[in-house]
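Novice: In the working numbering, the protein residues as written are -3 to 404. In this text, a Cβ means the ideal position worked out from N, Cα and C, and glycines have one as well. Predicted, not measured: the structure shown is a model, and the values here were computed from it. Just dropping this structure here.
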Ligand SMILES: *Cc1c(COP(=O)(O)O)cnc(C)c1O
């Protein structure tokens, strides 16, 4: 919508009031009615995110010499991740702008590994379970890598199907911990065995679970090994702005060694502006996102994450039991923050649309059609209200036929 910039500006209170007016139609996530897009860890975390972000909002992660503060905070944040994910001594990590960025950069490093270290010259491919995130397709589109998605078995990656799809031109195989559509952790141990046996690069996409799984395991959840503990894992992605409860614009990408991490880095000298070395595609990197991540992690600490994640687990267990009592089947055995559930005789996409009438904005999964929730600590407070509204939606005649399930 093309329009002219206002000839003269207005004062900030007027501008602010108008912005807030625009927001009146947005989902009411602070009330806990949104179970996609937003991670609501409570007002305490939100305050830390905001104040830390604003303190370093103008600083630029592109210039570590100018801003040793940001360099130090990045090293400490990635250090927490290296420790949580059992990384070996030589492992290296970088803060990126998000999961898609982390994944794209891992694919870039794996692509360069295939070309430069293994001498692969022809077309390249990547082998993914059908449930892997579209970020891999985007990275492969940029780098002209063929995407081979393999069928799932019980909603999980099937190592046998992936073994069959992989060949000498495979730059990476992928497992998710957990996958986004079902919230289930792929059999990463078996994928690691495959990677070791065939000398393949295994990337673990822990974007949505990486900063939750270690803490719920401490509280007794039976989470199988999924990180650098497994020798076949060469890289991992884990989003700070999801279950790390950090401000948006922050994820982490990890490599088993400094040598593999080096393959990600860009080092450009052939222009008159001086040598430019950047760990990722980004030039300017928002200092606020790095600072907010550092602040939230130090604010919560291990005990804080355990406390917040315990609320997510409580919400998930209550909702799983509640939807089963309503005749739904939960897909697989979710152990983290996401669950999907279906009922053969109900149109779940229509139910999803009906629940929106009552202010609930959640996800939907298409294979099979199911309702999909990505839960936050706040949902422990509203689980019963959701279940009551789901019952209402189920009893009414879902009239929203023809609604398309999509994220856009
Ligand atoms: C969210 C997500 C991504 C992508 O992360 P963005 O921060 O949205 O770019 C990748 N993989 C999984 C499993 C995710 O849930």
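1) What does the alpha-carbon distance come out to for the pair residue 294 and residue -1?
2) Am I right that residue 230 and residue 252 are in contact with their C-beta atoms under 8 angstroms? What's the rounded C-beta distance?
3) Can you tell me the Cα-Cα spacing of residue 152 and residue 1, whole angstroms?
4) Evaluate residue 227 with the Cβ neighbour count: other Cβ atoms within 10 Å of its Cβ, from every protein chain shown; 16 or more gives buried, anything less gives exposed.
5) What residues match up with residue 361 in a beta bridge as DSSP calls it?
6) For residue 98, does the three-state DSSP call read helix, strand or coil?
7) Compute the distance between the beta-carbons of residue 315 and residue 38, then report whether it is under 8 angstroms.
8) Unbroken alpha helix (DSSP H) runs of length 4 or more, entirely within the segment 64 to 148: which are they?
9) CB-CB under 7 angstroms to residue 56, same chain, minus the five flanking residues each way: which ones, in chain order?
10) If the criterion is Cβ atoms closer than 8 angstroms, does the pair residue 125 and residue 182 meet it?
11) Please indicate yes or no: does the CB of residue 176 lie closer than 7 angstroms to some heavy atom of ligand 2?
12) Residue 318 lies in the alpha helix (DSSP H); which residues open and close that run?
13) Among 271, 340, 347, 215, which one has its Cα closest to the Cα of residue 305?
14) Thinking just about the alpha-carbon of each residue, which of 362, 349, -3 is nearest to the one in residue 390?
15) Please give me, in chain order, every unbroken run of the alpha helix (DSSP H) with length at least 4 that falls completely inside the segment 190 to 242.
16) Give me, in chain order, the residues of the same chain whose beta-carbon lies closer than 6 angstroms to that of residue 156; leave out the 5 immediate sequence neighbours on both sides.
17) How about residue 170: is its Cβ closer than 7 angstroms to a heavy atom in ligand 1?
18) Quick check: the Cα distance between residue 208 and residue 301, rounded to an integer number of angstroms?
19) Name the two residues that bound the continuous beta strand (DSSP E) containing residue 336.
20) Here's the rule I'm using: 16 or more other beta-carbon atoms within 10 Å means buried, otherwise exposed. How should residue 11 be labelled?
21) Pull up the distance between the alpha-carbon of residue 339 and that of residue 206, whole angstroms please.
22) Check whether the Cβ of residue 57 lies closer than 7 angstroms to any heavy atom of ligand 1, and answer yes or no.
23) Whole angstroms are fine: how far does the CA of residue 180 sit from the CA of residue 219?
24) Might you give, ordered along the chain, the residues of its own chain that have their beta carbon closer than 6 angstroms to the beta carbon of residue 34, omitting 5 neighbours on each side?
25) Can you check DSSP and say which residues form a bridge with residue 440?
26) Tell me, which residues are paired with residue 251 by DSSP?
27) CB-CB under 8 angstroms to residue 167, same chain, minus the five flanking residues each way: which ones, in chain order?
28) Between residue 129 and ligand 1, is there a pair consisting of the residue's CB and a ligand heavy atom that are separated by less than 7 angstroms?
29) Three-state secondary structure (DSSP) at residue 6?
30) Counting beta carbon pairs with one atom in the segment 367 to 385 and one in the segment 185 to 203, are three or more of them shorter than 8 angstroms?
31) At a threshold of 7 angstroms, does residue 122 count as lining ligand 1 (C-beta to nearest heavy atom)?
32) Whose CA, out of 383, 278, 171, lies closest to the CA of residue 97?
33) Going by beta carbon distance, what residues of the same chain come within less than 7 angstroms of residue 72, once the five residues before and after it are set aside?
34) Could you please give me the residues that DSSP links to residue 263 through a beta bridge?
35) Since residue 44 is in the beta strand (DSSP E), which residue starts that stretch and which ends it?
Specialist: Here's the rundown:
1) 44 angstroms
2) 5 angstroms
3) 51 angstroms
4) exposed
5) 366
6) helix
7) no
8) 64 to 80, 95 to 108, 131 to 139
9) 63, 280, 281, 283
10) yes
11) Looking at this structure, you won't find ligand 2 anywhere; what it does contain is ligand 1.
12) 283 to 321
13) 215
14) 349
15) 209 to 214
16) none
17) no
18) 8 angstroms
19) 334 to 338
20) exposed
21) 30 angstroms
22) no
23) 11 angstroms
24) 25
25) Any property of residue 440 remains undetermined from this structure, which presents the chain solely from -3 to 404.
26) 88, 231
27) 103, 106, 107, 109, 110, 116, 120, 121, 122, 141, 197
28) yes
29) coil
30) no
31) no
32) 278
33) 290
34) 273
35) No beta strand (DSSP E) contains residue 44, which is instead part of the alpha helix (DSSP H) from 39 to 51.
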